[in-house]
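K.L.:
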Amino acid sequence: QEKSCRLSAALLGEGSEISQEQLYELLKYAALGKCRSAAQPSWCRIYHQSHLAGVVVVVLHEMSQLHFYRFYLQFKHLRKVFRHRFALTPSANFPVSLYGEGTNLKPQNTSQGLTSTSSECIAKSSDLQCDPIIQRYGRKKQGLTSYTLTLEEQKKNDYPIEGSPACKGYISTECDQQRTDSSPLFGLDCEMCLTAKGNEVTRVSLVDARGQCLLNELVKPESTVVNYRTRFSGITKKMLLPVKTRLSDIQTRLKKMLPHDAVLVGHSLNSDLQALEMIHPSVIDTSLLFARSEGRRFKLKFLAKAVLGKEIQCEQKLGHDPTEDARAALELAQFFIEQGPTKVAELNLEMLLTAEKLAEVSQNKAVLQPQGCGFQEQLNESPPLSKPCFLDCLKVTGQKPLLLGRQGLDSSGLCQRNLSTSNKQILQRALEDVPLSKFSIIQFSLGPEYIASHLHAGLHEKVRSKLTDMLTIYAGPFEENFCLKSVKKEFGRCGPIQSLTVVTETFQPYVCIQYEVLEAAQLAVESLDGAEVAGSCIKVQRPVTAAMLDCNVLIKELELDVENEGVIYVAGLKKSLTETDLQEEFSQLKDLETLFLPKDLQSGKHRNCCFLKFQKSQSAMDALEAINGWIMKGSELRSRNALAPGHLWRWIWQMNHSNGKQGKHIFYEKMEQLSDSEQDLRKKVKKLDHHIKKLYRSLQTNTLCVVLFPGVNSTHGSQSGLGLMGIKDDEGRCTC
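For the sequence shown, the positions run 1 to 736 when UniProt numbering is used.
(1) Take R522 and list the residues in its own chain whose beta-carbon comes closer than 8 Å to its own, dropping the five residues that flank it on each side.
(2) Checking the sheet assignment: what are the DSSP bridge partners for Q719?
(3) I312 and E324 - do their beta-carbons sit closer together than 8 Å?
(4) Report the residue ranges of all alpha helix (DSSP H) runs contained in full by the UniProt domain "RRM" (471-545); include only those spanning at least 4 residues, in chain order.
(5) Compare the beta carbon distance of V265 and I250 with 8 Å and say whether it is the shorter of the two.
(6) For the beta strand (DSSP E) holding K615, just list the boundary residues, first then last.
(7) Can you tell me where the alpha helix (DSSP H) holding M135 begins and where it ends?
(8) Looking at V263: is its Cβ nearer than 8 Å to the Cβ of S282?
(9) Does the Cβ of E17 have 16 or more other Cβ atoms within 10 Å, making it buried, or fewer, making it exposed?
(10) Nearest CA to the CA of L589: which residue from V567, L577, I46, D600?
(11) On the DSSP letters alone, give me the boundaries of the beta strand (DSSP E) that L206 sits inside.
(12) In angstroms with no decimal places, state the Cα-to-Cα distance between I133 and A345.
(13) Spatial neighbours of D261 within its chain, please: C-beta separation below 6 Å, excluding the five flanking residues on both sides.
(14) For L518, which residues from the same chain have a beta carbon less than 7 Å from its beta carbon, with the 5 sequence-adjacent residues on both sides left out?
(15) Would you mind reading off the limits of the alpha helix (DSSP H) that contains D176?
(16) Going by beta carbon distance, what residues of the same chain come within less than 6 Å of A329, once the five residues before and after it are set aside?
(17) Give me the DSSP bridge partner(s) of N641.
(18) Suppose you measure from the CA of V525 to the CA of F82; what does that come to, to the nearest Å?
(19) Spell out the partners DSSP gives R6 in its beta bridges.
(20) Keeping to the same chain, check which residues put their C-beta closer than 8 Å to that of T703; ignore five residues upstream and five downstream.
(21) Given this structure, state the Cα-to-Cα distance separating L353 from F298, to the nearest angstrom.
(22) What residues in its chain sit with their C-beta under 6 Å from that of S19, if we drop five residues either side in the sequence?
(23) Leaving out the 5 sequence neighbours to the left and right, which residues in its chain are closer than 6 Å to K664 when beta-carbon positions are compared?
(24) Looking at the structure shown, is S635 part of a helix, part of a strand, or coil, going by DSSP?
(25) Specify the secondary structure class of G295 as computed by DSSP and reduced to three states.
(26) Determine the closest residue to V58 out of D131, F611, L431, with distance taken between C-alpha atoms.
(27) For the pair the region 227-242 and the region 155-174, tell me if three or more CB-CB distances fall below 8 Å.
(28) Pull up the CB-CB distance for H61 and F444, whole angstroms please, since I reckon it's below 8 Å.
(29) For the beta strand (DSSP E) containing A262, name the first residue and the last one.
(30) Shortest alpha-carbon distance to F335 belongs to which of P401, L436, K438, K141?
(31) So is P200 buried or exposed if we call it buried at 16+ other beta carbons inside 10 Å?
(32) Output the distance between the C-alpha atoms of C130 and E350, rounded to the nearest integer angstrom.
(33) Hey, G572 and L500: beta-carbon distance below 8 Å or not?
(34) What's the C-alpha gap between Q541 and Y474?
(35) Please determine, among P341, L32, A31, L27, the residue with the shortest C-alpha to C-alpha distance to W43.
(36) What residue range is occupied by the uninterrupted beta strand (DSSP E) comprising H61?
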């Protein structure tokens, strides 16, 4: 049974910011696993990393945590899907910090540099004993049976195996006759489209030992096609419309065509057999035959050119030609068998690949140099660093990251790049290319007109103002000589109070109370409205402003936020209680997972409230009933569902304690400038959320998806970033 990947992150706690280095740590481990010195990140844990289908990073250019909470209702998909969130330290040079050190790899484009690199490769390859091909097969020429994969090798490389639970329902070719060195070779290649079921065959090609095409058939997939991947598969909707042939028809034909001692040849043939849902006992895989160190593999296109002198998979053609690919794999296997390991090793394939990549990098550098914008500028300006960059580590393992966006994302030549002019174009390319890449960075942007510094200032004030109003309640009326101390005590049972003032402009006195956490203000409204306090029956309400008209909707959506699932807020605690005391007191609650006791970020003193996270939502609901009215150390507890995650709590605290009360009239002026485009901005954010939703739905199961609001760090000011992450499960949700 296939293991599902899982993500665990201790993010409820202090809500402290995750640094760029820690983010890089996560991405490196997710993409590389334990190889290349990649270790489990210190702040979260990925279970079954080797089963990850891929990593997708969505960067929302020049957006910050501020944007997420200002347009919280518009980001409907993001807040409902991604269970893990974290505050992110803003960076002035975000691309470099995302990729890690050494991103500005400077290709040696001088003749001297190329000569020294080539000489080094030749010197290394002169000792053939160290060549992976020689180490695996020895120097002597052998028959074809020496190069077929053993059963263990097939299992290790995910080939369909007879009797395996994962291959239930697969059809055997029934080619069970003993193989000899004179057994016939057949080249096989398939093209797949992405359907609701996953990868399904849409074209199959089979060639015989002379390279003659025996089968070249279009196949109608069983499920609805989600992505035709035309650029790679060559398949279009129009091509499949008249097709009647089904997978079962192809399986029957292949069984009839293949003799009982047939040996199938292909490049990464396991993918083709998995898509065909067929089991064949004897295979030669050219991606493994031409062995490389550390599990890396040569691409078929490169081998065809370097070994056979043939150009295949040309960019001018629409998609790959499976017959051409099947024939190329077959001829590569025949070359290897006829020439033997020593002759193949003497080709110095690693040297040829290095020279090709250097030439490609130099060419990309020359083409990209005039653009001088966005990510490219930042990468060129960064100082050289000693450690290998993240992209380089991926390249070494044979992976080429995909970067899509409006900016010049990468000038090192290490990535598949594509610059687009609109978010819609970026999405369309992402839907085609992301399923084919192990690591992708997709950058969306609201556009330059929405990222100016004065707009950030206006947004900041609007969010600060609305949060302040949501944290504030008015209570009254009271008698003229009411006891303020008893009012403070009663309202203090709902949570930590930031400020309390008496309103005297009214006929009878009222009090204005600003809390430190949203849950406290909401608890006061719910539990004390209509109650008798200080001898008066009072009304408790929030300020009535235009911005607060949707407050109840926002509170409801915050309660339903996936990050608050299974989390409750408890108030009325005595400040003398320690975290250990509370752990002991709450130990009887079923499925309690985490306890978070907020504290003043300056004094370090604990507040009179805490958050409890439960493993199951039902356990949290049961705890709510049990805790309300619970007497702990002489104090009555009050409880409700959580509204704000740890990182937002910290952010609220910083805004409440900041000294940034400068020039309110300036903010109003800036807010007026913003209001003209506010409606348009909301529409753009809503559309952006929809783009991410479509991209997310197209991802394979077990894909780690990270959405980043990178934050702003410039001469005009700094805004914290925000990250959302999760691993997509079978039902399209993000797992914990």
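Positions of the beta carbon are idealized from the N, C-alpha and C atoms, including for glycine.
P.N.:
From the atom records:
(1) Note that residue 522 corresponds to Gln in the displayed sequence, not to Arg. For Q522, where only same-chain residues beyond five positions count, the Cβ hits under 8 Å are I555, R640, L643.
(2) V712
(3) yes
(4) 484-492, 518-528
(5) no
(6) Residue identity differs from the one stated: residue 615 is Gln in this sequence, not Lys. Unbroken run through Q615: none, as it is neither H nor E.
(7) It is worth fixing the name first, because residue 135 is Gln in this sequence and not Met. 132-137 is the extent of the alpha helix (DSSP H) around Q135.
(8) yes
(9) buried
(10) V567
(11) 198-207
(12) 6 Å
(13) Q177, R179, S183
(14) M470, L471, L643, A644
(15) No alpha helix (DSSP H) contains D176, which DSSP labels as neither H nor E.
(16) G187, V265, G266, H267, T286
(17) I568
(18) 29 Å
(19) Y47
(20) L52, A53, G54, V55, V56, I727, K728
(21) 9 Å
(22) T89
(23) Residue confidence is low: K664 scores 35 on pLDDT, short of 50, so the model does not pin down where it sits. Its coordinate-derived value is still stated next. Excluding sequence neighbours, K664 sits near nothing in its chain.
(24) strand
(25) helix
(26) L431
(27) no
(28) 7 Å
(29) Note, A262: premise wrong, no beta strand (DSSP E); not H, not E.
(30) K141
(31) A small correction: the amino acid at residue 200 is Glu; Pro does not occupy that position in the sequence shown. By the neighbour-count rule (16 or more Cβ atoms within 10 Å), E200 is buried.
(32) 13 Å
(33) no
(34) 5 Å
(35) L27
(36) 54-61
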